[in-house]
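If you read the sequence shown in the UniProt record's numbering, its first letter stands for residue 1, the second for the next number, and so on. Glycine included, C-beta positions come from ideal geometry on N, C-alpha and C. Below is one structure, written out as structure tokens; the observations come after it.
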Amino acid sequence: MTSPAPVEPQALEAYRLNARSWLADSAPPPLSQDYRLRTEVLREWHSTLYRSGWVGIDWPSEHGGQGLSLEHALIFIEESARAGAPQPFGAIGLHVVGPTLLRYGTRQQLERFVEPLLSGAEIWCQGFSEPDAGSDLASLRTRAAVENDGFVLTGQKIWTSWADDADWCAVLARTDPDRPKHKGISYLLVDMHAPGVTVRPITQITGDAEFCEVFFEDVRVPRSNLLGPLHGGWELAMHTLGHERSGYALRRRAELEVSYRNLLESVRREDSDSDVAAAIGAAYITLSGLSALSRRAVRRARDGEIPSPWDSVDKLALAKGEQHLSGTALDLLGAHRAAPLTRGTSLDGEQIVKDYLHGRAASVYGGSEQIQLTIVAERLLGLPRAR
């Protein structure tokens, strides 16, 4: 999905001010820690965004989007982070599955799935990883037996975000076990309410349970829900993962920038020593690097260069940056600085700890650090494959 040509800076600034004003009036209050209450608010927030024209900002207008540039979409991401507004509840559909659906979907599939995806009426999840196929995704074992009228799906997926609230799942399944492992995979659109689908939430170290296990036991999938060519799902999977990594990087960088500003505001009010100043300076350098990578990612997306090996560079940098910034915040929160640092500011000590714990996984989810380094070595640096 390519984006229109660059827009005049004055027009982008006007769009930013409009988004900032709307968010100031419309953003929901801080989310409840109760999972179900939070989910209800997020569903309503998605609906509000859709009705107000803030969903599908860079999607083509002929498919229900706003037809604007990726720069416009990035502005709304940045302003949402600044306002403390959550992302749409259907973010996986919008930013991960949706672009692949737009590129590879048939006319009938676009007519069936795009509007409810955009509006949030139907929520999507992504069924890729398995207990024995995470970083080595092509080793997946979930099977889809091919029948005349469709497929019979059997297997297990894991680390599936928001699966317990999802209506549909983009599933990678092996449809020809006799082909090489990258060649016999198909990309299926699976109804999460179909008989034979079981979802079990996984409680994380942070106490949240956004990840799930999903079990498919003889789930029937109609042939019309095959996205792209039969046995040709690997190309689609790479397209989806490219958008997952680039989209997450853009959003998370904006959130980290807000966290940094809040941290800077707090330490400025205290008698900070040279160690604190050095830590804040190092965090600023990290954030500046992430911002530069974000601008380059926008240019790549505008030129239709997603997926790209450079997505792995962005993913590696973001993981290191997130861990550095969350670690810096935790260090400054600790010991005798804990109470003064958070008093009378927008900082939340509990959230700082959760961000730190969440950041430990940043080098694993979305493709492990080792896999991303291998991609960079082989596809960007031209180094020989490891044996």
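Since I believe Leu-188 is in contact with Val-221 (beta carbons under 8 Å), could you give me their beta-carbon distance rounded to a whole number of angstroms?
Here the question's residue 221 lines up with position 221 in the sequence shown. Here the question's residue 188 lines up with position 188 in the sequence shown. Going by Cβ atoms, the distance from Val-221 to Leu-188 rounds to 5 Å, so yes, they are a contact pair.
Consult DSSP for Ser-186 and reduce its assignment to one of helix, strand or coil.
Within the sequence shown, residue 186 is the residue found at index 186, counting from 1. The answer is strand: DSSP assigns Ser-186 an E or B state.
Which residue from Gly-321, Trp-310, Ala-361, Gln-351 puts its Cα closest to that of Thr-374?
Your numbering for residue 374 matches position 374 in the sequence shown. Checking every option, the nearest Cα to that of Thr-374 belongs to Trp-310.
Classification of Ala-209 by the beta-carbon crowding that lies within 10 angstroms, buried from 16 upward
Walking along the sequence shown from the start, residue 209 turns up at place 209. With fewer than 16 Cβ atoms within 10 Å of its Cβ, Ala-209 is classed as exposed.
Is it right to say Asp-303 is buried, meaning 16 or more other beta carbons lie within 10 angstroms of its own, or is it exposed?
Locating residue 303 in the sequence shown gives position 303, where the first residue counts as 1. The residue is exposed, with fewer than 16 neighbouring Cβ atoms inside 10 Å.
Would you mind working out which of Ser-326, Leu-383, Gln-372, Leu-380 sits nearest Val-358, comparing C-alpha positions?
Numbered from its first residue, the sequence shown carries residue 358 at position 358. Note that residue 358 is His in the sequence shown here, rather than Val. When only C-alpha atoms are compared, the closest one is Ser-326.
Is the segment 212-230 close to the segment 186-200, with three or more CB pairs under 8 Å?
yes
Own chain, CB closer than 6 Å to Asn-18, minus 5 neighbours either side, in chain order:
Position 18 of the sequence shown holds residue 18. Excluding positions up to five away in sequence, the list is empty.
Mind listing, in chain order, the continuous beta strand (DSSP E) runs of no fewer than 3 residues lying wholly within the segment 185-264?
185-191, 197-202, 211-222
Rounded to the nearest angstrom, what separates Ile-306 and His-243 at their Cα positions?
For the purposes of this step, residue 306 is identified with residue 306 of the sequence shown, where counting begins at 1. For the purposes of this step, residue 243 is identified with residue 243 of the sequence shown, where counting begins at 1. Approximately 7 Å, taken between the alpha carbons.
Cutoff 8 Å; reference Ser-129; Cβ partners in own chain excluding five residues on either side:
Walking along the sequence shown from the start, residue 129 turns up at place 129. Leu-137, Lys-157, Ile-158, Trp-159, Thr-160, listed in sequence order.
Distance check for Thr-203 and Leu-173, CA to CA, integer angstroms please.
Taking the sequence shown and counting its residues from 1, one reaches residue 173 at position 173. Taking the sequence shown and counting its residues from 1, one reaches residue 203 at position 203. Note that residue 173 is Ala in the sequence shown, not Leu. In a straight line, the C-alpha of Ala-173 is about 26 Å away from that of Thr-203.
Taking DSSP's pairing of strands, which residues face Gln-156 in a bridge?
For this step, residue 156 is matched to residue 156 along the sequence shown. Paired residues: Phe-215.
Name the residue from Ala-85, Leu-293, Ala-362 whose alpha carbon lies nearest to the alpha carbon of Trp-22.
The count along the sequence shown starts at 1 and reaches residue 22 at position 22. Among Ala-85, Leu-293, Ala-362, the Cα nearest to that of Trp-22 belongs to Ala-85.
Suppose only complete runs of 4+ residues qualify. What are the alpha helix (DSSP H) ranges in the segment 88-120, listed by chain order?
98-104, 107-119
For the beta strand (DSSP E) containing Leu-172, name the first residue and the last one.
Numbered from 1 along the sequence shown, position 172 holds the residue referred to as residue 172. Note, Leu-172: beta strand (DSSP E), 168-174.
Report the rounded CA-to-CA distance for Arg-82 versus Phe-113, giving the unit in angstroms.
Residue numbering aside, residue 82 sits at position 82 when the sequence shown is read from its first letter. Residue numbering aside, residue 113 sits at position 113 when the sequence shown is read from its first letter. Arg-82 and Phe-113: Cα-Cα distance of roughly 31 Å.
Ala-11 burial status per 10 Å Cβ neighbour count (16 or more: buried):
Numbered from 1 along the sequence shown, position 11 holds the residue referred to as residue 11. It counts as exposed.
Looking only at its own chain, which residues have a Cβ that is under 7 Å from the Cβ of Pro-177, when we skip the five neighbours before and after it?
Working through the sequence shown from its first residue, we reach residue 177 at position 177. These residues qualify, in order along the chain: Gly-184.
Test item: CB-CB of Val-267 and Val-276 under 8 Å:
Numbered from 1 along the sequence shown, position 267 holds the residue referred to as residue 267. Numbered from 1 along the sequence shown, position 276 holds the residue referred to as residue 276. Yes, Cβ-Cβ distance for Val-267 and Val-276 is below 8 Å.
Measure the CB-CB distance between Leu-316 and Leu-263 and report whether it falls below 8 Å.
For the purposes of this step, residue 316 is taken as the residue at position 316 of the sequence shown. For the purposes of this step, residue 263 is taken as the residue at position 263 of the sequence shown. Taking 8 Å as the Cβ cut-off, Leu-316 and Leu-263 do not qualify as a contacting pair.
Is Leu-117 closer than 8 Å to Val-298 when the C-beta atoms are compared?
Within the sequence shown, the letter at position 298 stands for residue 298. Within the sequence shown, the letter at position 117 stands for residue 117. In this structure, Leu-117 does not lie closer than 8 Å to Val-298 by Cβ.
Taking only three categories from DSSP, how would you classify Gln-126?
Here residue 126 refers to the residue found at position 126 when the sequence shown is read from its first residue. In this structure, Gln-126 counts as strand in the three-state DSSP scheme.
Can you check whether the CB of Thr-328 is closer than 8 Å to the CB of Ala-249?
Reading the sequence shown from its first residue, position 249 is the one you call residue 249. Reading the sequence shown from its first residue, position 328 is the one you call residue 328. Contact flag unset, no.
Residue interval of the alpha helix (DSSP H) (run including Arg-20):
Locating residue 20 in the sequence shown gives position 20, counting from the first residue. That run of the alpha helix (DSSP H) goes 9-26.
Please check the pair His-72 and Ile-57, which I expect to be a contact at CB under 8 Å, by giving their CB distance rounded to whole angstroms.
Position 72 of the sequence shown, counted from the start, is the residue given in the question as residue 72. Position 57 of the sequence shown, counted from the start, is the residue given in the question as residue 57. With a Cβ gap of about 5 Å, His-72 and Ile-57 count as contacting.
Would you call Ala-145 buried or exposed, if buried means 16 or more other Cβ atoms sit within 10 Å of its Cβ?
Translated into positions along the sequence shown, residue 145 becomes position 145. Exposed: under 16 other Cβ atoms inside 10 Å.
Contact under 8 Å by Cβ, His-193 with Asp-167:
Taking the sequence shown and counting its residues from 1, one reaches residue 193 at position 193. Taking the sequence shown and counting its residues from 1, one reaches residue 167 at position 167. Contact flag set, yes.
Looking only at its chain, what residues have a beta carbon closer than 7 Å to the beta carbon of Ile-205, apart from the 5 residues adjacent to it on each side?
Position 205 of the sequence shown holds residue 205. Leu-357.
Could you pull the start and end residues of the beta strand (DSSP E) that Glu-147 belongs to?
For the purposes of this step, residue 147 is taken as residue 147 along the sequence shown, with counting starting at 1. Counting along the chain, the beta strand (DSSP E) containing Glu-147 begins and ends at 143-147.
Val-7 versus Leu-37: straight-line alpha-carbon distance, rounded:
Translated into the one-based positions of the sequence shown, residue 7 becomes position 7. Translated into the one-based positions of the sequence shown, residue 37 becomes position 37. Cα-Cα distance, rounded: 39 Å.
With distances taken from CA atoms, which of Glu-265, Arg-251, Ser-274, Asp-273 is nearest Leu-290?
Here residue 290 is taken as the residue at index 290 of the sequence shown, counted from 1. Nearest of Glu-265, Arg-251, Ser-274, Asp-273 to Leu-290, Cα basis: Arg-251.
Exposed or buried, which one is Gly-207 when buried takes at least 16 other CB atoms within 10 Å?
As a first step, residue 207 must be located in the sequence shown, where it is residue number 207. Result: exposed.
Can you give the Cα-Cα distance for Glu-147 and Gly-127, rounded to whole angstroms?
Residue 147 sits at position 147 when you count from the first residue of the sequence shown. Residue 127 sits at position 127 when you count from the first residue of the sequence shown. The straight-line gap from Cα to Cα measures roughly 21 Å.
Return the chain-ordered ranges of every alpha helix (DSSP H) run that is complete within the segment 293-379 and spans a minimum of 4 residues.
310-333, 338-342, 349-360, 369-375
Every unbroken alpha helix (DSSP H) inside the segment 46-94 [4 residues or more]:
70-83
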